[in-house]
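Below is one structure, written out as structure tokens; comments come after it.
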Amino acid sequence: MFTQNLLQFVVDVLKVPSILVGLVACFGLIAQKKPFPDVIKGTVKTILGFLVLAGGATVLVGSLTPLGDIFKHAFDVQGIIPNNEAMVSIALAKYGAPTTMIMAFGMVANIVVARFTRLKYIYLSGHATFYMACMIAIILSVAGFEGVQLIYTGSLLLGILMATFPAIAQPYMRKIIGGDHVALAHTGTIGYVLSGWIGSLVGKGSKSTEEMNMPKNLSFLRDSTISISLTMMIIYLILSVSAGKEYVEANFSHGQNYLVYSFIQAITFAAGVFIILQGVRLILAEIVPAFTGFSEKLVPDARPALDCPIVFPYAPNAVLVGFISSFVGGLVGLFVLGQLHWVLILPGVVPHFFCGATAGVFGNATGGKRGAICGAFAHGLLITFLPVALLPVLGQIGLTNTTFSDTDFGVTGILLGNMAHFMDKGTITMIITGIFGLLVIYNFMAKKKAPAETNAG
Amino acid sequence: MKIMAVCGSGLGSSFMMEMNIKKVLKTIGVEAEVEHSDLGSVTPDVADIFVMAKDIAYSANLPEQKVIIINNIIDLKEVEQKIREYFEKN
Chain A
1 MFTQNLLQFV VDVLKVPSIL VGLVACFGLI AQKKPFPDVI KGTVKTILGF
51 LVLAGGATVL VGSLTPLGDI FKHAFDVQGI IPNNEAMVSI ALAKYGAPTT
101 MIMAFGMVAN IVVARFTRLK YIYLSGHATF YMACMIAIIL SVAGFEGVQL
151 IYTGSLLLGI LMATFPAIAQ PYMRKIIGGD HVALAHTGTI GYVLSGWIGS
201 LVGKGSKSTE EMNMPKNLSF LRDSTISISL TMMIIYLILS VSAGKEYVEA
251 NFSHGQNYLV YSFIQAITFA AGVFIILQGV RLILAEIVPA FTGFSEKLVP
301 DARPALDCPI VFPYAPNAVL VGFISSFVGG LVGLFVLGQL HWVLILPGVV
351 PHFFCGATAG VFGNATGGKR GAICGAFAHG LLITFLPVAL LPVLGQIGLT
401 NTTFSDTDFG VTGILLGNMA HFMDKGTITM IITGIFGLLV IYNFMAKKKA
451 PAETNAG
Chain B
1001 MKIMAVCGSG LGSSFMMEMN IKKVLKTIGV EAEVEHSDLG SVTPDVADIF
1051 VMAKDIAYSA NLPEQKVIII NNIIDLKEVE QKIREYFEKN
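So this is what it looks like as structure tokens:
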């Protein structure tokens, strides 16, 4: 009886995502042989981070829900503002426990993949890992996966992805950085590679963006809180005006002037994201250094894959060209969606800035100015259309007026979601295990090429 | 003494810089607290030194003598050299 109660208690504890993520941090700290006070501090801070994140979600949803209703009233279709932080914070309320487990074991799987296959990359952008774990947890749970099978399949898939995406980008990264010692770990990889490929097609003879004179004063948009506030202001104001003063004041603002209401709600959205970012930072503060430490010890020959701003200094003008061009692509995509009467995906400044800018750098590396403009434009179209196809596989979570924004979420999610649609769970688990097996076999069977080429992906 | 690494959203690049700064401090034997944050949340009073990439330094309204600007944030040698210079000067 006692053991049964104890077991039930343990299971109940492990169902609480904040405690679970705290335990992951705690194990990481103990494994690094940190002093006792550091273990306590790190564990509590990680739990705190999860709760801060949940608080941010509440603030954000308070602004997002009215926006969705106003949108429907004004245009009679669903409007979606893609924002990773918003999506993850909302999804964690339901999928927090599997997300945490998949992230923790996904990192282990990344080390295993890097150790035993040719994909020698360690994915060090912790936030991207966290968001990707969340998306995998949602899709597999919606598909009916549970328990050990959910964690095993999700973690192994995440681990393979963490080593594969940097490998796909690496040929272009060598061109941009002029070296092979670091790789790129960001969730827009498919878009960047597309941009680099388009650049190589259209860019013949085009001069580098770095020979142009560009204004510097747009760099304030790199401050994500400001750029989110500004875009949300524009979106909220356009929608409120379209929906009409009476509708907004009667249903949402309770008599407050509808423009004032829109202004405050727009910045409330940014406030929500601001809080969520603090939470994410606290969650990752102990986990990422532990992961870095272990991976350096266990796979010393792997390349560290880092976040996208590492390429910005190599082509600062392409960053700006890429952002503007990607954003224009987003607007064109929005117009097309409107003509088709599909779900509207509004262009968010954050994905267009960070991913569009990186796409611009990739396009510039292969096709100069023309490559940066065309490549980033294509990227902008891509991150407008991918979320439309991603929505159905996210289940109920797809109805929350926000979604994952970047290309890798779209491509992975659509593939995984549709696999789940046509195959049973066992088959999916076997396919993912099979892919890992083939990668390992290839590593040991295939002849080793010259060292410089072994990691070409 | 507190050092703050800063980037656009305060998630990836600044975190990596924080870990690199910690490595550098160990080599040069300086004790300091290191954290990371986003451009929007930093104010001059939250740290003694701010470390950031050149491309966002234009938008940070921080006193110049408190800021260390890094041209290439993946270059550990540059980070070490700039931090050394800072501590020699001050």
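Protein chains in written order, with my numbering: chain A, 1 to 457; chain B, 1001 to 1090.
Glycine residues also receive a C-beta, built at the ideal position from the N, C-alpha and C atoms.
In this text, all values refer to a predicted model and were calculated from it rather than measured experimentally.
- With respect to chain B, the C-beta atom of residue 303 of chain A has no partner C-beta closer than 8 Å.
- Under the three-state reduction of DSSP, residue 1058 of chain B is assigned to coil, being neither helix nor strand.
- In chain order, 125, 126, 127, 277, 280, 281, 284, 307 make up the part of chain A whose C-beta sits under 8 Å from the C-beta of residue 1011 of chain B.
- Between residue 302 of chain A and residue 121 of chain A, the beta carbon gap of about 6 Å places them in contact (Cβ cut-off 8 Å).
- Under the Cβ distance rule, residue 1083 of chain B does not count among the residues neighbouring chain A, no pair being separated by less than 8 Å.
- Bounds of the alpha helix (DSSP H) holding residue 281 of chain A are 258-298.
- Interface with chain B (8 Å Cβ-Cβ cutoff): residue 165 of chain A is excluded.
- With a cutoff of 8 Å on beta-carbon distance, residue 1015 of chain B and residue 288 of chain A are scored as near each other.
- One Cα belongs to residue 196 of chain A, the other to residue 367 of chain A, and the distance between them is close to 8 Å.
- Taking C-beta separations shorter than 8 Å and ignoring five residues to either side along the sequence, the partners of residue 130 of chain A in its chain run 88, 99, 103, 280, 283, 284, following chain order.
- For residue 1013 of chain B, the secondary structure class from DSSP, reduced to helix, strand or coil, is helix.
- When secondary structure is reduced to three states using DSSP, residue 189 of chain A falls in the helix class.
- Per DSSP, reduced to three states, the secondary structure at residue 341 of chain A is coil, with no helix or strand assignment.
- Residue environment: residue 10 of chain A is assigned as exposed (fewer than 16 neighbouring CB atoms within 10 Å of its CB, all protein chains considered).
- Each of A/315, A/84, A/341, A/193 was checked against the Cα of residue 272 of chain A, and the nearest Cα belongs to A/84.
- Under the Cβ distance rule, residue 1068 of chain B does not count among the residues neighbouring chain A, no pair being separated by less than 8 Å.
- In this structure, the CA atom of residue 337 of chain A is about 12 Å from the CA atom of residue 329 of chain A.
- Within 10 angstroms of the beta-carbon of residue 1058 of chain B lie fewer than 16 other beta-carbons, which makes it exposed.
- Using a Cβ-Cβ cut-off of 9 Å, residue 424 of chain A is close to nothing in chain B; its nearest Cβ partner there is about 37 Å away.
- Pairing residue 1020 of chain B with residue 290 of chain A, the inter-Cα distance amounts to about 14 Å.
- Against chain A, the CB of residue 1025 of chain B has no partner CB under 8 Å away; the residue lies outside that interface.
- Here residue 341 of chain A is exposed. Its C-beta has fewer than 16 other C-beta atoms within 10 Å.
- Each of A/201, A/173, A/158, A/371 was checked against the Cα of residue 113 of chain A, and the nearest Cα belongs to A/158.
- Distance from the CA of residue 188 of chain A to the CA of residue 4 of chain A, rounded to the nearest whole angstrom, comes to 47 Å.
- The three-state reading of DSSP puts residue 118 of chain A in coil, since its state is none of H, G, I, E or B.
- Residue 322 of chain A and residue 359 of chain A do touch by the CB rule: their CB atoms are close to 5 Å apart, below 8 Å.
- Along the segment 1030-1057 of chain B, the positions whose C-beta sits under 8 Å from a C-beta of chain A are 1036, 1037, 1038, 1039, 1040, 1041, 1053, 1054, 1055, 1056, read in chain order.
- Its chain contains 1087 as the residues whose beta carbon lies nearer than 7 Å to that of residue 1030 of chain B, once the 5 sequence neighbours on both sides are disregarded; these appear in chain order.
- If you look at residue 79 of chain A, you'll find it in the beta strand (DSSP E) that goes 79-82.
- For residue 1003 of chain B, the uninterrupted beta strand (DSSP E) run begins and ends at 1002-1007, by DSSP.
- Going by C-alpha positions, residue 266 of chain A is about 21 Å away from residue 76 of chain A.
- By the Cβ-count criterion, residue 1051 of chain B is buried, with 16 or more other Cβ atoms from all chains shown falling within 10 Å of its own Cβ.
- For the pair residue 190 of chain A and residue 408 of chain A, the CB atoms are nearer than the 8 Å cut-off.
- Along the length of the segment 44-116 of chain A, whole alpha helix (DSSP H) runs at least 4 residues long occupy 84-116, reported in chain order.
- One finds 309, 310, 313 in chain A with Cβ atoms closer than 8 Å to the Cβ of residue 1073 of chain B, taken in chain order.
- Going by DSSP, residue 1051 of chain B is part of the beta strand (DSSP E) stretching over 1049-1053.
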